[in-house]
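In our numbering, each residue's number is its place in the sequence shown (first place is 1) plus 754. A virtual CB, placed ideally from N, CA and C, is assigned to each residue, including glycine. Notes follow once the structure below has been shown.
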Amino acid sequence: MRAKNKLTGKENASARTAGEYDFVLTVVTVLLVLFGVVMVYSASSYNAAVNYGNKYFYMFKQLVGAILGFAAMIALSVIDYHVLAKLRYIILGVSVLLLVLVFIPGVGVESYGARRWINLPFFTMQASEIAKFGFIIFAAAYMAKYHKKMTTFKGILPVLGVGLLICVLIILEPNMSITICVVLLMFAMLFIGGARIKHFLIIAVPAVAMIPILILAEPYRLKRMLAFIDPWASPLGEGYQLIQSFYSLGSGGLFGLGLFNSRQKYLFLPFSESDFIFSIIGEELGLVGCALVMFAYILLIARAVRIAQNSTDRLGCYLASGIACIIAIQVLVNIAVVTGSIPPTGLPLPFVSAGSSSLIVFCGSVGILQSIGRRSHVGARFVKDIRRTR
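Below you can see the structure in the form of structure tokens.
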């Protein structure tokens, strides 16, 4: 009986090389990206006209990012996700190398006192965006291979060590927001992998102790913390951006002022096309528009979780779970910042905010989800059909 349930090598190959895409996941992703292009234009047109003499400057860059992102999504959906596991050390090495390159003069680009970008011939690339997904691939591959060791502290050390290395390199840029995301992602991946509560307590003690040290290490972080507590104490200083975000969200009301009718984008709200684009969405499309955007994210994350649940192996489950976690973490942190729920920090809204690096890697991650879902779905159905006929 046991022999009858086994598939031949040919059957296994067929089960893993053909299948169907998740139509809902694809549609939601494409709509979010196209919506982002429109909102980037709306939020940046005046700023781009004033500073670059071309109101379509940011929109064109976002379109290029969208085209490259869709290409990455298609390519990674075709590639078997098991290949990523085999290349995990190369992917991780490239991720770390890119994080190091930002500190090299002439290669790394400094902006607003931070070195977060690498200067390429036609555009700049944010290394930390790639590093997040490099970590997911490494952690998923490691946990899938050594899942029995994940209940021991020694077993979680490689994931913990790689995560901390990436965090140290990112915080040195400095980039507190992405560091927080990677820390939360690392905790989420360890939890999914089977780490025990006592392990989290051991990790949490030094992590919590580091928070005040990191805040005091950079004076601007302390100022941002004070601005979060009472932004009106410095309405023209550190509290300015948060106050303008409040004005933007509050003036939108239920249905908004109408698409392209934002007033805050006229140089009142800094980074309106990137980190604070959700404020412009609230101003132009109102509470209803914000709710629809959040529903789209919930649907996208739910599809990723569904793919993780239906995966036929641990690697696919861990990869899909990690992607779902980073999307959820970044959406929650971004919206929490623009609504004044947590201290201000710069973080793009996935698929929507201006930024080609973020857009390409997030679209690529959807391609990985499609690869996992496609092969898991077909494999499970193929196994079921074979067993029914035997």
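Contact under 9 Å by Cβ, residue i with residue j
i	j	result
THR783	CYS1117	yes
VAL1092	LEU1003	yes
PRO1098	GLU992	yes
LEU852	ILE821	no
PHE1014	SER796	yes
ILE1031	GLY819	no
VAL1087	CYS921	no
LEU1053	VAL778	yes
VAL856	ARG869	yes
ILE924	LEU968	no
PRO1024	GLN998	yes
GLY1094	GLY1040	no
VAL794	TYR812	yes
VAL863	THR878	yes
GLY1076	GLU1037	no
SER931	GLY1100	yes
PHE1000	PRO985	yes
SER1026	GLN880	no
Boundaries of the beta strand (DSSP E) in which residue i is found, first to last residue
i	result
SER1026	First-last for SER1026: undefined, no H or E at that position.
ARG870	868-873
VAL863	862-865
MET879	878-880
Beta-carbon contacts of residue i that lie in its chain and below 8 Å, excluding the five residues immediately before and after
i	result
TYR800	LYS809, LYS1019, TYR1020 and LEU1021
VAL848	ILE884 and GLY888
TYR828	For clarity, residue 828 is Ile in the given sequence; the question names Tyr instead. If we look at ILE828 and ignore the five residues flanking it on each side, its Cβ neighbours are GLY1121.
ALA987	LEU980, ALA981 and GLY993
Limits of the alpha helix (DSSP H) - the one that residue i falls within
i	result
ARG950	Careful: ARG950 lies outside any alpha helix (DSSP H) and carries neither H nor E.
GLU927	Unbroken run through GLU927: none, as it is neither H nor E.
SER1095	No alpha helix (DSSP H) contains SER1095, which DSSP labels as neither H nor E.
GLY1043	1031-1064
ILE997	994-1006
MET793	777-806
HIS836	835-840
ALA987	Taken as a continuous stretch (DSSP letters only), ALA987 belongs to no alpha helix (DSSP H), as it is neither H nor E.
PHE824	811-832
Close Cβ partners of residue i (< 6 Å) along its chain, the five nearest in sequence each way excluded
i	result
LYS903	GLY909
GLY1127	ASP776 and ILE1061
ALA961	none
GLY823	LEU1113, ILE1114 and CYS1117
THR1145	The displayed coordinates of the chain run from 755 to 1144. Any statement about residue 1145 would go beyond what the structure contains.
TYR1051	VAL1085
MET940	GLY917
GLN995	PRO1024
ALA893	VAL913 and MET943
ARG842	ILE891, PHE892 and ALA895
Contacts around residue i, its chain only, beta-carbon distance under 7 Å, and the 5 residues preceding and following it disregarded
i	result
VAL1047	ILE1035
SER1028	PRO1102, SER1107, ALA1108 and GLY1109
LEU830	GLY1118, GLY1121, ILE1122 and SER1125
ILE1055	ALA1078, ILE1081 and ALA1082
ILE1089	PHE1032
ILE978	Note on residue identity: the sequence assigns Arg, not Ile, to residue 978. Correct list, in chain order: GLU992, PRO1097 and PRO1098.
Residue burial classification, residue i (beta-carbon count within 10 angstroms, cutoff 16)
i	result
TRP871	buried
ALA1045	exposed
LYS815	buried
ARG1017	exposed
LEU846	buried
ILE957	buried
ASN929	buried
LYS927	For clarity, residue 927 is Glu in the given sequence; the question names Lys instead. Per the 10 Å Cβ criterion, buried.
ALA803	exposed
GLY1012	exposed
GLN1063	exposed
VAL1042	exposed
SER865	exposed
LEU785	exposed
ALA1074	buried
ALA1058	buried
VAL832	exposed
VAL787	buried
ALA981	buried
ALA826	buried
ALA949	buried
Within-9 Å CB hit, residue i to chain C
i	result
ILE1031	The structure shown contains no chain C; it is built from a single protein chain.
- Message: Three Cβ pairs or more, each shorter than 8 Å: is that satisfied between the stretch 912-928 and the stretch 888-901?
- Response: yes
**Prompt:** So does the stretch 894-902 actually touch the stretch 939-947, counting three or more Cβ pairs closer than 8 Å?
**Reply:** yes
Original post:
Would the stretch 1069-1078 and the stretch 831-841 be scored as touching if the rule is three or more Cβ pairs under 8 Å?
Top reply: yes
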